[in-house]
Amino acid sequence: LGLYQLGVGQESDEPQGGPIAMPSTQGDFSLTQLGDNEIAIISFGYTYCPDVCPMNQAVKRQALAQLSDAQRERVVPVMITVDPERDTLDRMSEYMQFFGSEFIGLVGSQAQLTDVAERYGVIWRRVEAPESAMAYTIDHSASLFLVNREGEILQRVLYSPTPHGLVSALESELGS
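If you read the sequence shown in the numbering used here, its first letter stands for residue 52, the second for the next number, and so on.
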């Protein structure tokens, strides 16, 4: 069992959030680029993740599909890699395209990742897997964060394989 199953309760009780600025699959990305009425759905993951990360992206896609057009236009889905060693911008771009052209992948340095993850209460650890062709996997937190342009965490949505919790949180923040 990974941290996404056991570690959800280990995430910081009150993450502080804050600014995010990193290279992305769509050029340099910063939360400050969001409009005043826009929200980013931030998740942390990696492209070699066999289960939780693609599920989180699929849940984002399903949630977006359930919003009105006006609401959907105000939401920016973002994934920050916890594996900058393997996740190049090209690899992230290819991965994010599976979920939709509006999905943005961020690839920062290890220092940038550590800073942002600490401020968002995200934990991760590299797990060596010498018997695997991948050589290692990464256990990580799987919460989704609804964040505004100032980096204020509006809501944290715990991992779920269904979009209901995310849809509810988005509708609560976006209104009608």
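Ideal Cβ positions, reconstructed from N, Cα and C, are used throughout, including at glycine.
All values reported here derive from a predicted model rather than from experimental measurement.
| message | Could you check whether residue 127 and residue 195 sit closer than 8 Å to each other, using their CB atoms as the reference points? | response | The residue given as residue 195 occupies position 144 in the sequence shown. The residue given as residue 127 occupies position 76 in the sequence shown. The answer is no: Cβ separation not under 8 Å.
| query | By a C-beta neighbour count over all protein chains shown, 10 Å radius and 16 as the cutoff for buried, is residue 80 buried or exposed? | reply | By one-based count along the sequence shown, residue 80 stands at place 29. Buried.
| request: Could you check the C-alpha separation between residue 220 and residue 125 for me, to the nearest Å? | output: For the purposes of this step, residue 220 is identified with residue 169 of the sequence shown, where counting begins at 1. For the purposes of this step, residue 125 is identified with residue 74 of the sequence shown, where counting begins at 1. Distance from the CA of residue 220 to the CA of residue 125, rounded to the nearest whole angstrom, comes to 14 Å.
| Complete beta strand (DSSP E) runs within the stretch 110–157 (minimum length 3 residues, chain order) | DSSP runs (the beta strand (DSSP E)) wholly in the stretch 110–157: 126–132, 155–157.
| query | Can you pull the DSSP bridge partners for residue 73? | reply | Taking the first residue of the sequence shown as position 1, residue 73 is located at position 22. Paired residues: 80.
| said: Judging by CA-CA distance, which residue of 129, 162, 161, 165 is the nearest neighbour of residue 148? | reply: By 1-based counting over the sequence shown, the position of residue 148 is 97. Checking every option, the nearest Cα to that of residue 148 belongs to 129.
| query | If you check the beta carbons only, do residue 96 and residue 202 fall under 8 Å apart? | reply | Numbered from its first residue, the sequence shown carries residue 96 at position 45. Numbered from its first residue, the sequence shown carries residue 202 at position 151. No; because the gap between Cβ atoms is not below 8 Å, this pair is not in contact.
| message | Just to confirm my understanding: we take residue 170, look at its own chain, exclude 5 residues before and 5 after, and list those with CB closer than 7 Å. What are they? | response | For the purposes of this step, residue 170 is taken as residue 119 along the sequence shown, with counting starting at 1. Excluding sequence neighbours, residue 170 sits near 66, 67, 68, 69.
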